[in-house]
Every structure is written in C-alpha cells, then in structure tokens.
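What follows is a single structure, written as structure tokens, with notes after it.
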Amino acid sequence: MSTTLAPNAIDTVFAELKAKGETALIPFMTMGDPDLETSVDLVQAAEAAGAHMIELGVPYSDPLADGPVIQRASERALKNKISLTDCMAVASKARDRGVKMPFILFSYFNPALQLGLERFFDLLKQHGFSGVIIPDLPLEEDSETRALAEANGIHLIPLVAPTSEARVERIAANAKGFVYCVSSLGVTGVRSTFHDGIDAFLGTVRRAASVPICVGFGISSREHAERFAGQCDGVIVGSAIVRQVEEALPLLSSSVSSEREQGIQAVQRFIAGLKPRKPSA
C-alpha cells in the first residue's frame, strides 16, 4: 500500500514567501558549538530574528567545503564528542520549544554512511527534518541517497558551483527543495566581493531549475543579501553567523545566566540585521 507524504515544509515556506514578494533568510550554524543546549537556544533565537528555515551543521574532522571559521567551530564541537545523532536531536528539542521553521541538516557523506543510509533518513524523518545537504556527494553517485530521501519525504538539496553550464543545468534540473548556488569557487567564508560571472551563473540555474534557488558562500551582510534578493529566492548565511557565535563564546559559555543570555541576544541581533528588506513598490 502506498503512503502519501505530507507536503514538505520547505516547499510551503517558499510558496508563502513568493506570494509576499519576500526572500528567505537561511542561517547555518554548527551544532555543538559551544554545546548542544546553546545550539538549541541559538536555533530558537534565529527564528525569533526572522529566519525562515535553518541549516544545522554536523561538525566534521575534514570539512572540504568549509573555511577557517566553520572549521574552528567544528573543532570545538568535536572536542565535546558531538555526534551526528546529537545534531539531529537539536531539531527535536527546538521543536519542543515551539520552533516552527523547517530544519535542514548539513552533513558530509561519511557520517551518514557510518550510521547507515536507511537509518540516517529514518532518523531525519523522526526528528522532523525537511531537507538535507551533503556537500561531498556528487550527482553521479547520489541515486541511492536520493531514493531514500524521497521515500522519507525529505529533500536532498544539491550544491551547484559556477562550473560548466551543462553540469549546472543537469544538477538544477534534478533538484528538490531548492538549489544551493555557490557564489564563488573555493571554501565557505566571508567575502567582500563576488566573481564577475555570478549574475550569469544565477540566470543559468534559474532557467534550468523548477524549484527555488538560493545563494550562499560569502553572504555576510544585509547589503549582500539585498544584492542577490532580486535574482534568487533565498540567501544562506553561514560563516558570518558562526563567527558571531565564536566572538560571543565568553558569554555563551558563562555560568551566569544573564551573561549567557547576552551572548544569545547578540547573535540574534546579528541575524535580524541580515534580513533583506522587501523592495519598495
């Protein structure tokens, strides 16, 4: 007997934002930095700041796509023995506190493989995830993973970089949820400028994709977010937020509750300041 899956929350949010003419704000945070309880607090703060969905990053020892800021966050989390399943549990705990936005897990392939792909997707579903991003899983090798994702109602969201147009079109045409457009070649990190071909690249993806497109890698300010708001459906901010967490570590790690709350509020204010303003009519 076939089971009808409920509509994916990512699709619902993008449809609602499109109707309002708004661009999605999608923060990324490394789970377990500085600890899991604080991660739950920061996820809650991100929604309060206006985030529309969030990427929960699994710390990894060899993060090929990540720059130094996220690498340091991963190192801090791994020192605390944070596991893949610990990261998934953050979503359930945040949901128990009333967080409504969709959750997307950002994990390299090896932790999922070590857990077992069927178990991996079963747990994603149990913990209420709507999507997963696996940055080191190429299109040519994703058929089993894609099938398991679809069977569990979870979007396997692809990253697409400004490489050959044919490859860009192929990845975009097969995408679910949204296409994660990498703004520049190289690792994640804060940038002051973007490469000259970024607008043409986004246009290529837009023409090929039947799902929303989002841009990330290097987005670190409201000005950056507004720079891309007219060309894409969402902006993803990772390193800039993780750096704010890093700068707030003395407060976030404090045993004094008022100081810890100051740290959470500082990160919340930063995220709120990233949200693109709706273009005036």
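Here the sequence shown is numbered in the working numbering, starting from 376 and rising by one per residue.
Virtual Cβ for every residue (Gly too), placed ideally from N, Cα, C.
What number of angstroms, rounded off, separates the C-alpha of residue i from the C-alpha of residue j?
i: Val543; j: Arg582; result: 11 Å
i: Asn527; j: Pro382; result: 12 Å
i: Ser518; j: Leu512; result: 10 Å
i: Asp386; j: Gly552; result: 6 Å
i: Cys462; j: Glu412; result: 11 Å
i: Gly638; j: Leu624; result: 7 Å
i: Glu450; j: Asp437; result: 10 Å
i: Gln489; j: Leu514; result: 20 Å
i: Asn455; j: Asp410; result: 7 Å
i: Ala536; j: Gly425; result: 27 Å
i: Arg447; j: Met406; result: 12 Å
i: Gln640; j: Glu540; result: 43 Å
i: Val465; j: Val433; result: 11 Å
i: Ala656; j: Gly605; result: With a pLDDT of 45 at Ala656, under the threshold of 50, the modelled position of this residue cannot be trusted; read the value that follows with caution. Using only the alpha carbons, I get a separation of about 13 Å.
i: Leu523; j: Ser630; result: 43 Å
i: Met428; j: Pro477; result: 5 Å
Skipping 5 residues on each side, what residues in its chain have a beta carbon closer than 8 Å to that of residue i?
i: Glu601; result: Pro651 and Arg652
Please return the same chain residues whose Cβ sits closer than 6 Å to the Cβ of residue i, not counting the five positions on each side in sequence.
i: Glu430; result: Phe403, Ile479 and Phe481
i: Leu392; result: Ala399
i: Leu498; result: Met463
Alpha helix (DSSP H) containing residue i: first to last residue?
i: Glu622; result: Ser614 to Glu622
i: Gln419; result: Leu411 to Ala423
Going by DSSP, name the residue or residues bridged to residue i.
i: Pro402; result: Val612
i: Phe481; result: Gly432 and Ile508
i: Cys556; result: Val535 and Val590
Which whole-angstrom value describes the C-beta separation of residue i and residue j, a residue pair presumed to lie in contact below a C-beta threshold of 8 Å?
i: Thr616; j: Ile646; result: Per the sequence presented here, residue 616 reads as Ile, with Thr not at that position. That pair is a contact at about 6 Å.
Kindly indicate the opening and closing residues of the beta strand (DSSP E) around residue i.
i: Glu430; result: Ile429 to Gly432
i: Leu649; result: First-last for Leu649: undefined, no H or E at that position.
Only counting the same chain, and skipping five residues up and downstream in sequence, which positions put a Cβ closer than 7 Å to that of residue i?
i: Phe592; result: Val557, Ser558, Ser559 and Thr563
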